[in-house]
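One structure below.
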Amino acid sequence: MVMAFFRGRGESTLDEVKGTLVSMLADGRTVFDTATDAVFGGGKSKQTKQTVRSTDQEINTAQQRVRRSLMMHSAVTTVDLPAVLAYMSIVKDAERIGDYAKNMYDLAKYGANFELAEDHDELLAYRDAVGQLIDDAAATFASQDEAQAQKLIDKADGFLTDYDHKIKAAFRSEGTADQAVARALYYRYLKRITAHIMNMLTAIVMPIERLDYYDEAPEDR
Amino acid sequence: MATPQQPIMARSARLPSPIRALLVVALLYAFLVGVKMLESGIKGIGSDYTDPLFASVSNPLAGLFVGILATVLVQSSSVTTATIVGLVASGVVGVEAAVPMIMGANIGTTVTNTLVSLTNARRSEQFRLAFTAATMHDFFNVLVVIVLLPLEVFTGFLHASASWIAGLFVEGNLGGSFDSPVKAAVGWLANLAEGVIETIIASPVAAAIVTIAVAIGVIFVTLTFITKNMRALVADRIEASLNAALAKSGTIGIVVGMLVTIAVQSSSITTSILIPLVASGLLMVRNAYPITLGANIGTTITALLAAMAAGSIDGLTIAFTHTLFNVLGIMLVYPWPRVRYIPVVLAERLANVAVRSKSLAVAYTFGAFVVFPFLGILVLR
């Protein structure tokens, strides 16, 4: 215990927090893949439910750990205050990715199944795109590459517009109510996950007062 | 800080650790030169001037209040104790008279975390916890002084024991001096600075007064920057050790508090770090308590360093008195379960009152640390 003072930790709190956020995104990807597999034909099962719940629980625990570390760090030194405030905000985004992925599993639980759907390929393409976005965001967060972060924000911004169109289309569709609701919710969850990833990425490229404001005019970005 | 154009995660340029460490060594050297100059400056004024000036502190209570008020004014017990070591080493203040001043410095230093706790006043529950964490240090120090000051006044056991401990390290008797490598290392620069002042100011008394002013300035500034740089240098280690002590109590907390305080050369920093941790619920008040007590021991390192520069057995004795007083205080209170948490319980009761009346909290802080000692000095001088 006391030796912790002499040993130190080898890396700074903020590096440690950054590492935890990256692993939260990796866990988010796991929940997302597991939950969407259920929607694309896997269906509900005890094992899938267990994986989704326990991984989400790990994400929640990681969020609490990050908050404690940030509180401790800000008590000891104030020089990193902007970064502490930013991390305190974006750790919530990382946690919400797990929550929305978990909601995807609820769709399967309620009976949604896109396996044989006419728009299966399109639905699957967006799933893969969001999965890749989570991975890319994790890598970008680890490297703090500003150019890559901006590129991802721009790419994700395009997805948001697509999801809005898809949700509107679901409202106007002539299919059954359960098909429309499943698609509206599916695209809504994808939109929220994408938006939370964009919030996280804004921390790499923008000053603190612009955190979360990725939806400003493009010329202001 | 992030500017409007700067991304949040872009960290501003920081001083590399080895350079910062060298800076701390240089500041420590300058601090010790300051202590040496203070001692010489006080000697230079002459007893005709200094004896009447310090006659009032021969009253133990007045000495105690001087220690409190001086520490509150400079917001650092390290500055006060280093100055007291200088006064004692110069022979202007006797060891017996300096003991209450050292005790006063211990009480006065707790004002900083009490002030920090007041920043939580808008949120009642956080304020209750923060004010408890801050004032338990006040109560502990006051209670220990209530027990040990009369004992010291009537028996002199504290400074006699400290004198015996000093004798284990250096040869000689009270009133004598010892050869210290630190003293030799800082002596030439202190003499050079004094020589420059004496060349500019013809009157020996005026030159001595300027030397004292410069010395106190150097002590204050160097300690401030030592604390600031050491805090930056060991921030990760502080976090690691505090994290390790979060759910622990007792000896571990005391040792962690001591180590952190020795590292940053300021008990106020250690105890002030604890306030937001307690207020946010990250650290329980009773787990913060031993860390606070450890800070009391850690802060005595400054007076010991100052004594090394002064090279006076009296100075070393008063420095050891400071350490002994704080170690004894913990031994008197902490090992006994019935007594251990009396300061915490008293602090909790005061915090309950303070939550209901925030102005009372402000009145307590101002009254206990400024008005009461000031009136005490006026009455007892």
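In order, the protein sequences belong to chains A and B.
Heads up: the first sequence begins at 0 in numbering that gives the first Met the number 0, then just goes up one per residue.
Heads up: the second sequence begins at 0 in numbering that gives the first Met the number 0, then just goes up one per residue.
Glycine included, each C-beta is placed from N, C-alpha and C at the ideal position.
Compute the Euclidean distance between the alpha carbons of residue i and residue j, then round it to the nearest angstrom.
i        : j        : result
A:Arg191 : A:Leu210 : 16 Å
B:Ser266 : B:Thr298 : 5 Å
B:Val254 : B:Asn295 : 11 Å
B:Asp313 : B:Ile218 : 20 Å
B:Gly280 : B:Pro99  : 36 Å
A:Met71  : A:Ser11  : 12 Å
A:Asp105 : A:Ser53  : 15 Å
B:Leu222 : B:Arg19  : 14 Å
A:Thr175 : B:Val284 : 60 Å
B:Ile200 : A:Pro206 : 54 Å
B:Thr301 : B:Tyr28  : 12 Å
B:Ile215 : B:Ile268 : 21 Å
A:Phe113 : A:Leu123 : 9 Å
A:Arg28  : A:Gly97  : 8 Å
B:Pro3   : A:Thr160 : Reliability fails at B:Pro3, whose pLDDT of 47 lies under 50, so the model's placement of it is uncertain and no value is given.
A:Leu69  : A:Val129 : 29 Å
A:Ala202 : A:Glu15  : 17 Å
B:Leu26  : A:Gln56  : 49 Å
B:Glu347 : A:Leu20  : 38 Å
A:Lys17  : A:Gln131 : 19 Å
A:Ala93  : A:Leu184 : 20 Å
A:Lys43  : A:Asn59  : 23 Å
A:Lys103 : B:Ile251 : A small correction: the amino acid at residue 103 of chain A is Met; Lys does not occupy that position in the sequence shown. The straight-line gap from Cα to Cα measures roughly 47 Å.
A:Tyr212 : A:Val204 : 11 Å
A:Val180 : A:Asp120 : 18 Å
B:Ser356 : B:Ser160 : 44 Å
B:Thr108 : B:Gln74  : 7 Å
B:Val120 : B:Leu157 : Looking at the sequence shown, residue 120 of chain B is not Val but Ala. If I take the Cα positions, the gap works out to 39 Å.
B:Leu377 : B:Ile145 : 21 Å
B:Ala1   : A:Ser88  : Note on B:Ala1: pLDDT 42, under 50, position unreliable in the model; the coordinate value appears next. One C-alpha to the other measures close to 16 Å.
A:Arg67  : B:Phe224 : 28 Å
A:Glu145 : A:Glu173 : 44 Å
B:Glu197 : B:Thr70  : 30 Å
A:Tyr188 : A:Leu13  : 30 Å
B:Pro180 : B:Ala88  : 16 Å
B:Ala321 : B:Ala306 : The amino acid at residue 321 of chain B is misidentified as Ala; the sequence shows His. About 12 Å.
A:Arg220 : A:Pro81  : For A:Arg220, the pLDDT reaches just 43, beneath the cut-off of 50, and the residue's location in the model is therefore unreliable, although a value from the coordinates is still provided. Answer to the nearest angstrom: the Cα atoms are 19 Å apart.
B:Lys42  : B:Tyr48  : 10 Å
A:Glu218 : A:Thr139 : Note that A:Glu218 has pLDDT 48, beneath the 50 cutoff, so the model's placement of it is unreliable and the number below is only indicative. Those two C-alpha atoms are separated by around 22 Å.
In chain A, which residues lie with their C-beta within 8 Å of the C-beta of residue i?
i        : result
B:Asp313 : None at all; the shortest Cβ gap to chain A is about 33 Å.
B:Leu167 : Ordered by position in chain A, no residue passes the 8 Å Cβ test against B:Leu167, which lies about 26 Å from the chain.
Below 7 Å on C-beta distance, what does residue i contact in chain B?
i       : result
A:Gln11 : As written in the sequence, residue 11 of chain A is Ser, which differs from the Gln given in the question. Those within 7 Å of A:Ser11 in chain B are Asp235.
A:Val75 : Ala234, Ile237, Glu238 and Ile272
Listing by chain order, which chain A residues have their CB less than 7 Å from the CB of residue i?
i        : result
B:Leu241 : Met71
B:Leu281 : Arg67, Met70 and Met71
Against residue i, what residues of chain A qualify as contacts under a CB-to-CB distance less than 9 Å, listed in chain order?
i        : result
B:Ala231 : Thr76 and Val78
Does the beta carbon of residue i sit closer than 8 Å to a beta carbon anywhere in chain E?
i       : result
A:Ala93 : The structure shown contains no chain E; its protein chains are A and B.
Under 7 Å: does the beta carbon of residue i sit that close to some heavy atom of the ligand FMN?
i       : result
A:Ala74 : The model on display carries no ligand, and the ligand FMN is accordingly not part of it.
message = What are the residues in the stretch 177 to 204 of chain A lying within 8 Å of chain B by C-beta distance?
response = Those residues of the stretch 177 to 204 of chain A that come within reach of chain B (Cβ to Cβ, closer than 8 Å) are Ala202, Ile203 and Val204.
key: Residues in the stretch 213 to 228 of chain B having any Cβ partner in chain A nearer than 7 Å   = So nothing in the stretch comes that close.
query = Can at least three beta-carbon pairs, one atom from the stretch 112 to 124 of chain B and one from the stretch 78 to 93 of chain B, be found at a separation below 8 Å?
reply = Three or more Cβ pairs closer than 8 Å define a contact, and the stretch 112 to 124 of chain B falls short of that threshold against the stretch 78 to 93 of chain B.
Within 7 Å of chain A by C-beta, residues of the stretch 262 to 279 of chain B in sequence order = Taking 7 Å as the cut-off between beta carbons, the residues of the stretch 262 to 279 of chain B near chain A are Ile272, Pro275, Leu276 and Ser279, in sequence order.
request  = Select from the stretch 12 to 30 of chain B all residues with a C-beta closer than 9 Å to any C-beta belonging to chain A, and list them in chain order.
outcome  = Answer in chain order: Arg13.
ask   = Hey, is the stretch 125 to 134 of chain B in contact with the stretch 267 to 274 of chain B, meaning 3+ C-beta pairs nearer than 8 Å?
value = Cβ pair count under 8 Å is three or more, so yes.
key: Within 9 Å of chain A by C-beta, residues of the stretch 124 to 138 of chain B in sequence order   = Residues passing the 9 Å Cβ filter: none.
ask   = Does the pairing of the stretch 185 to 205 of chain A with the stretch 153 to 168 of chain A give three or more beta-carbon distances under 8 Å?
value = Contact holds: three or more Cβ-Cβ distances are below 8 Å.
ask   = Which residues, in order along the stretch 103 to 119 of chain B, keep a beta-carbon less than 9 Å from a beta-carbon of chain A?
value = Result list empty, no residue passes.
task = Taking a Cβ distance cut-off of 9 Å, strictly less, list which residues of the stretch 36 to 64 of chain A are near chain B, in chain order.
result = Of all residues in the stretch 36 to 64 of chain A, none has a Cβ within less than 9 Å of some Cβ in chain B.
ask   = Are the stretch 330 to 338 of chain B and the stretch 57 to 64 of chain B touching, with three or more C-beta to C-beta distances below 8 Å?
value = Verdict: no, contact absent.
ask   = If you pair each beta-carbon of the stretch 315 to 327 of chain B with each one of the stretch 233 to 245 of chain B, do three or more pairs fall below 8 Å?
value = Short answer: they don't touch.
query = Is the stretch 200 to 210 of chain B close to the stretch 227 to 234 of chain B, with three or more CB pairs under 8 Å?
reply = By the Cβ test, the stretch 200 to 210 of chain B is not in contact with the stretch 227 to 234 of chain B, since fewer than three Cβ pairs between them sit closer than 8 Å.
inquiry  = With three or more beta-carbon pairs closer than 8 Å as the criterion, would you say the stretch 356 to 372 of chain B touches the stretch 142 to 150 of chain B?
reply    = Judged by Cβ distances under 8 Å, the stretch 356 to 372 of chain B makes no contact with the stretch 142 to 150 of chain B, as fewer than three pairs qualify.
contact_flag[the stretch 33 to 46 of chain B, the stretch 80 to 91 of chain B] where n(CB pairs < 8 Å) is 3 or more = A contact exists between the stretch 33 to 46 of chain B and the stretch 80 to 91 of chain B.
Every unbroken alpha helix (DSSP H) within the stretch 270 to 326 of chain B, with a cutoff of 4 residues, ordered by chain = DSSP runs (the alpha helix (DSSP H)) wholly in the stretch 270 to 326 of chain B: 284 to 297 and 300 to 309.
key: Segments assigned alpha helix (DSSP H), at least 4 residues, entirely inside the stretch 35 to 93 of chain B   = If we require 4 residues or more, the alpha helix (DSSP H) runs fully inside the stretch 35 to 93 of chain B come out as 46 to 53, 59 to 73 and 76 to 88.
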